[in-house]
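Engineer:
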DNA sequence: ATATCTGCAAAGTTTTTGCCGTTAC
DNA sequence: GTAACGGCAAAAACTTTGCAGATAT
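Protein chains in written order, with the working numbering: chain A, 1 to 127; chain B, 128 to 254.
1) Examine the ligand GDP and report whether any of its heavy atoms sits within less than 7 Å of the Cβ of residue 108 of chain A.
2) Apart from the five residues on each side of it in sequence, which residues of its chain come closer than 8 Å, Cβ to Cβ, to residue 90 of chain A?
3) Looking only at its chain, what residues have a beta carbon closer than 6 Å to the beta carbon of residue 173 of chain B, apart from the 5 residues adjacent to it on each side?
4) Is it the case that the region 69-84 of chain A contacts the region 12-23 of chain A, given that we only count it when at least three CB pairs across the two stretches are under 8 Å?
5) Helix, strand or coil for residue 20 of chain A? Go by DSSP, reduced to three states.
6) Determine whether the Cβ of residue 74 of chain A lies closer than 8 Å to any Cβ atom of chain B.
7) Spell out whether any CB of chain A is found under 8 Å from the CB atom of residue 237 of chain B.
8) Would you please verify whether the beta carbon of residue 204 of chain B is less than 8 Å from any beta carbon of chain A?
9) Looking at the C-beta of residue 223 of chain B, does it have a partner C-beta in chain A at a distance below 8 Å?
10) Quick check on residue 57 of chain A - is its C-beta less than 8 Å from some C-beta in chain B?
11) Could you give the distance in angstroms between the alpha-carbon of residue 103 of chain A and the alpha-carbon of residue 253 of chain B?
12) Anything in chain B within Cβ reach of residue 100 of chain A, meaning under 9 Å, just list it in chain order.
13) Counting only beta-carbon separations shorter than 8 Å, does residue 124 of chain A have a partner in chain B?
14) Report yes if the C-beta distance between residue 50 of chain A and residue 236 of chain B is below 8 Å; otherwise report no.
15) Is residue 207 of chain B helix, strand or coil when you go by DSSP?
16) Per DSSP, residue 172 of chain B is paired with what?
17) Please classify residue 100 of chain A as buried or exposed, where buried requires at least 16 other C-beta atoms within 10 Å of its C-beta.
18) Any beta-carbon of chain A closer than 8 Å to the one on residue 217 of chain B?
19) Counting contacts by CB-CB distance shorter than 8 Å, is residue 233 of chain B in contact with chain A?
20) May I ask you to list the residues that DSSP assigns as paired with residue 243 of chain B?
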């Protein structure tokens, strides 16, 4: 039961497990972790750690596709906002950097993430 | 006992705890976590999750300083390589993006990270 | 028949919480 | 005296592992 991770985005392993059980009620959480780990190692899925102790997963979009986006994280309440501003310019720089790093460190690179960290307006007022 | 996180970089909470105990043997791991959490919320320390289940911490350098760097992560063996290529160009783009995001989402942004994900040469050969 | 896949339960790790004594103002 | 800090032990949360049965080649 492998073909099901075309769901949404920012899903925790448990979210995915819940979805998966709806499709195949006999699936186990272990399998979800194993599959996710495999997928992230071959670059199909991007594992994201936002610092809340729970890993999130999303489809590893090709940076050329318009779904390509990055994240803005509130370090207090852990809210995650997706953004797509300046993605064109970002892509250019990232491709250049990726190329340089691939050569220099002999990595096969298949993805990248950008996180901005800050405090959202709600948390700033509450403090 | 707060003034001690001027150590090196990519330290796990436990690494820091071990260092801290050397300075003040009565300190507890809890305090390390509490202090680190506090520091990361005010932007003094950058909490980094590289996907190995253990959070790392490093001094949140001002992006203008030359210590500013980003990371290249092997998704297999979790090796982390620091890089500083194209940091000048990156900075320009990041500042522009940061400004746009601050306004649009009313965040107070104080840091950003860029991660490239791939497979290192060692792991590629072993597979 | 052999190798791979899977679920369950148990174990492991890392991080957080509750409680209470101590320190600071 | 009251509030903030800090440590210890216990708890919690997430993820991984061992094992045995099932599936596929």
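Each residue gets a CB set at the ideal place from its N, CA and C atoms; glycine is no exception.
Structural biologist: Concretely, from the data shown:
1) The ligand GDP is not part of the structure shown, which contains no ligands of any sort.
2) Residue numbering aside, residue 90 of chain A sits at position 90 when the first chain is read from its first letter. Only 70, 114 meet the Cβ criterion.
3) Here the question's residue 173 of chain B lines up with position 46 in the second chain. Cβ within range, chain order: 185, 187, 238.
4) no
5) Start at 1 with the first residue of the first chain, and residue 20 of chain A comes out as number 20. Residue state, collapsed to three classes: helix.
6) For the purposes of this step, residue 74 of chain A is identified with residue 74 of the first chain, where counting begins at 1. It does: the Cβ of residue 74 of chain A has a partner Cβ on chain B nearer than 8 Å.
7) Within the second chain, the letter at position 110 stands for residue 237 of chain B. Answer yes: the Cβ-Cβ gap between residue 237 of chain B and chain A drops below 8 Å somewhere.
8) For this step, residue 204 of chain B is matched to residue 77 along the second chain. Closer than 8 Å: no.
9) By 1-based counting over the second chain, the position of residue 223 of chain B is 96. With 8 Å as the cut-off, residue 223 of chain B counts as an interface residue toward chain A.
10) In the first chain, residue 57 of chain A corresponds to position 57, counting from 1. Chain B contact via Cβ: absent.
11) Here residue 103 of chain A corresponds to residue number 103 of the first chain, with the count starting at 1. Here residue 253 of chain B corresponds to residue number 126 of the second chain, with the count starting at 1. Cα-Cα distance, rounded: 19 Å.
12) Here residue 100 of chain A refers to the residue found at position 100 of the first chain. Those are 210, 212, 213, listed as they occur along chain B.
13) Translated into the one-based positions of the first chain, residue 124 of chain A becomes position 124. Residue 124 of chain A counts as touching chain B.
14) Indexing the first chain from 1 puts residue 50 of chain A at position 50. Indexing the second chain from 1 puts residue 236 of chain B at position 109. The answer is no: Cβ separation not under 8 Å.
15) Numbered from 1 along the second chain, position 80 holds the residue referred to as residue 207 of chain B. Residue 207 of chain B falls in the strand class under three-state DSSP.
16) Numbered from 1 along the second chain, position 45 holds the residue referred to as residue 172 of chain B. Answer is B:186, bridged to residue 172 of chain B.
17) Here residue 100 of chain A refers to the residue found at position 100 when the first chain is read from its first residue. Classification of residue 100 of chain A: exposed, given that the 10 Å Cβ count is below 16.
18) Taking the second chain and counting its residues from 1, the one referred to as residue 217 of chain B is at position 90. Cβ-Cβ to chain A under 8 Å: yes for residue 217 of chain B.
19) Mapped onto the second chain, residue 233 of chain B falls at position 106. Cβ-Cβ to chain A under 8 Å: yes for residue 233 of chain B.
20) As a first step, residue 243 of chain B must be located in the second chain, where it is residue number 116. In DSSP, residue 243 of chain B forms a bridge with A:112, B:199.
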